[in-house]
Each structure stands twice: as structure tokens, then as C-alpha cells.
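J.: Numbers 1 to 334, taken from the UniProt record's numbering, label the letters of the sequence shown in order. For glycine and all other residues, C-beta sits at the position ideal for the given N, C-alpha and C. Keep in mind it's a predicted model, so treat the numbers as computed, not measured.
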Amino acid sequence: MNVQIAKKDLPALLQQWAQSAQVLAPVKKENFTAFEVIADVSEMDLEQAHNTRYPLKSLFLPQSEVLFRYQNGEYVPAVPQKGPRVIFGARPCDARALTLLDTVFEEEGSQDPYWKARREASTLVGMGCDQPCESCFCTTVGSGPFDRSGLDVLVTPVDGVYALEALTEKGQKLVQSLQPLPAETQKRVEEVQSRAAAEMKPAFEVKSIRDKLYGLFESEYWQQVQQSCLGCGVCTYLCPTCFCFDIVDETQRGERVRNWDTCMFSVYSLEASGHNPRPSRRERTRQRLMHKYAYWLDHIDQIGCTGCGRCVRYCPVGLDIRDMIRRAQAWEEA
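1) In whole angstroms, what separates the C-alpha of R322 from that of R118?
2) In three-state DSSP terms, what is F88?
3) If you draw a straight line from the C-alpha of R258 to the C-alpha of D249, how long is it?
4) Tell me whether residue 355 is buried or exposed, calling it buried when 16 or more other Cβ atoms sit within 10 Å of its Cβ.
5) Ordered along the chain, which non-local residues of its own chain (more than five positions away) have a Cβ less than 7 Å from that of P77?
6) Per DSSP, what kind of secondary structure is I38 in: helix, strand or coil?
7) Contact between the segment 304 to 322 and the segment 122 to 137: three or more CB pairs below 8 Å?
8) Within the chosen definition, does the segment 212 to 227 reach the segment 155 to 162 through at least 3 CB pairs nearer than 8 Å?
9) How is the beta strand (DSSP E) around S64 delimited, first residue to last?
10) Short of 7 Å in beta carbon distance, which residues of its chain neighbour A6, apart from the five on each side in sequence? Order them along the chain.
11) Report the three-state DSSP secondary structure of Y162 (helix, strand or coil).
12) What is the C-beta distance between E271 and V66, in whole angstroms, given that I count them as a contact (C-beta under 8 Å)?
13) How many angstroms separate the CA atom of P182 from the CA atom of V192?
14) From the DSSP output, read off the bridge partner residues of D45.
15) For the alpha helix (DSSP H) that Y214 lies in, which residues bound it at each end?
16) Let me make sure I understand the geometry here. Which of G215, L319, R284 and Y114 has the alpha-carbon closest to that of E332?
17) Report the residue ranges of all beta strand (DSSP E) runs contained in full by the segment 102 to 182; include only those spanning at least 3 residues, in chain order.
18) Below 8 Å on the Cβ atoms is my guess for R96 versus T306; work out the distance and round it to an integer in Å.
19) Taking only three categories from DSSP, how would you classify E30?
20) Do you know how far the Cα of P279 is from the Cα of A49?
21) Tell me whether the beta-carbon of W205 lies closer than 9 Å to the beta-carbon of Q329.
22) Cβ-heavy atom distance between K170 and the ligand SAM below 8 Å?
23) Which word fits residue 337, buried or exposed, when buried means at least 16 other C-beta atoms lie within 10 angstroms of its C-beta?
24) By alpha-carbon positions, which one of L213, G233, C232 and Q302 ends up nearest to residue 392?
25) Tell me, to the nearest whole angstrom, how far the beta carbon of D152 is from that of G171; I am working on the premise that it is less than 8 Å.
26) According to DSSP, which residues form a beta bridge with V248?
27) Can you name, in chain order, every residue of its own chain whose Cβ lies under 6 Å from the Cβ of M200, other than the five neighbours on each side?
28) Among all the DSSP beta bridges, which residues are the ones paired with P77?
29) Would you report the Cα separation of P180 and L238, rounded to the nearest angstrom?
30) Under the DSSP definition of a beta bridge, which residues are partnered with D14?
31) Could you check whether E165 and M1 sit closer than 9 Å to each other, using their CB atoms as the reference points?
32) For A294, count neighbouring C-beta atoms within 10 Å of its own C-beta (all shown protein chains included) and say buried if the count is 16 or more, exposed if not.
33) In the DSSP assignment, the alpha helix (DSSP H) including Q223 goes from what residue to what residue?
34) For N51, tell me which candidate among F32, V37 and V317 has the shortest Cα-Cα distance.
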């Protein structure tokens, strides 16, 4: 189903959705944008040059969440999501990342009820990237600025209107009241989508990267590539596909809490015996790249990176994962 709405009429549509669901959209903060529940559609920032700072995963796997509470022997489960919600303005790279995380949190036999509840309650309306950011490389890793993976509706801005393509039953219900998309506008939509994809040049060659990284496992390459890394973990915290977490009991409050964790921290792999199999940034940098570009391929035959570019934009020392991969491909032992 392909429909359209004038850009000026979008606020009214979102208000309509808000009558039966919680509506979240990118909201401009002091120097970045973030997904928040919108009380007023004027708060939205749909003109941002790139993605929100925090990835979409934060709405499904919060940075910190109470799993359950306990007091005087009584167990009180947490309710992860109350009622339906519409997430408007999600970028395709973030939606694609959710499908990768589904293989982790919805694996048969070990489903995460908190993740599943939020996924089932959410309808994703994605905003295609008609002007991709310089740090993005989604086409290199098999995605694209108008990738439909994981979305219920894909929005393409074109000629004063938003063209909406309903991709699922949930998406069709959401946009069924809108006017059909004229054939001539559909042609313009296809032109916009093709042009955006063509503007994105390959960042590196992906076919041989898994074998190359395995071949470099004990290489001096890792020592060289990690030298400027601070080990701050921002690349993993802001990554839409990183999912490591730790669970702790807050005994004073009687809560079991799940918090994001990162393989870039020195204590992440520290064992109770005191042994640490990844004692330095060399091993931790290797783990990060191997997980994205080798281990994911081994498990689900997909690269564990959607090319969103956050790790490139927000690294405080300017480390660029694209350059790291190119250096790996060109590396020859002395």
C-alpha cells in the first residue's frame, strides 16, 4: 500500500495516532536529537542531518531497567511496556539493527520477555535518508538509505509530500485513511531513493573481511590499530547492534536491574579468579571488530553492523571503523 500526505498535514496525522497510542519521535536537545514521547508535534526534529544520538535499541533495551522487585519474600514483576506505541522517524539502519537483535533476544528457547513485549507493542514508521550523512556506510554492509527491513511503514520525503509505503499489516492499519500515491509521484519516489543510494560509495570490500580478520587474530595489527583508543566504550554504547549487559541486585531497594555493558571495558571479561582473557585494549579492540565482521557472519550469515556511522561521529579521538577495516584488509605482516 502506497499513500501520501502533505508535509503540512503531518502534525494532524500524528495527533490522530496519539489518540490510541503513545507517539515517539526525534526531539531536538541542546546539541543532539533523541527519541522521546511527543506532547506537541512542534517538538519534532525531522530535518536532522543524521541519526539520533542514541540508537533505536534504547527504546527496546533501555540503558538501565528494573527487571523485577522483591521485598519481604514477595516477587513483583516489572511491566516493560504499557499499551501500544508508534515510533516515527526511525532511520532504516536502526530498524535493520532491531532485526539483528531479534536473533539474540527472540531466539527460540531463550526469549527475552521484556524485549518481546516492547517489540510487539511498537509500530515502526521509518524515515528514509534522502541525504545520507558522510559518516554513514549502510550500502557497504548490505543495507541502504531506504532499507525496509524491520519497518512497518517507510516514509520518503518528496516534492512537498511524504510518501508512505505500508510494509506490514500494522503499517496498513496506521495509514489506511490517507490518499493513494499518484503514479507520477511514485516515479519521483523511486528517483529519490535511487539517487540517495548512488551517492553512497563503498567504504570497503566486505566479501573477504571475515577470513582476513581470522587470519589476523594473533597479528601485530591489533596493537597498531588500538593505540589511540581510550577504551571509553562510546562506540559500543551508541552502536545499534551492540547488546551486552550486566545484571545486578540493588539490595537496598530490592530490585534486580539490567544495565548496558561493553566489551571495551577492562572489567568486562575479568573472571572471579582474577584472570582476564582480554587484559588490554588490543584484545578488546579485536573482539569488537571480530564480533561485527566475523562472529555475526558465523552465526547468522549477516554482518553485525548496519553502517549507521555513530561510532565514527562520536569517537572522541576520531577512530573510524571504516579505516580500521581497510587497514586490516591491506595489512601484511613484517
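T.: Walking through what the data contain:
1) 32 Å
2) strand
3) 9 Å
4) Nothing about residue 355 can be read from this structure; the chain reaches only from 1 to 334.
5) F68
6) coil
7) yes
8) no
9) S64 to Q71
10) G160 and V161
11) strand
12) Rounded, the Cβ-Cβ distance is 27 Å, inconsistent with contact.
13) 15 Å
14) According to DSSP, D45 bridges with nothing at all.
15) I209 to G215
16) G215
17) 122 to 127, 153 to 158 and 161 to 166
18) 5 Å
19) coil
20) With a pLDDT of only 49 at A49, under 50, the local geometry of the prediction cannot be trusted, and the value read off the model is given with reservation. When rounded, the distance between both Cα atoms is 38 Å.
21) The residue asked about is misnamed: residue 205 is Glu in this sequence, not Trp. Yes, the Cβ-Cβ distance between E205 and Q329 is below 9 Å.
22) Summarising the ligand content, the structure contains no ligands, and the ligand SAM is consequently not present.
23) Past the edges of the chain, shown from 1 to 334, lies residue 337, and the structure says nothing about it.
24) Absent from the structure is residue 392, since the part of the chain shown begins at 1 and ends at 334.
25) 4 Å
26) V257
27) P132 and T139
28) F68
29) 37 Å
30) Going by the sequence as given, residue 14 is Leu instead of Asp. DSSP lists no partner for L14.
31) yes
32) buried
33) Y221 to V225
34) F32
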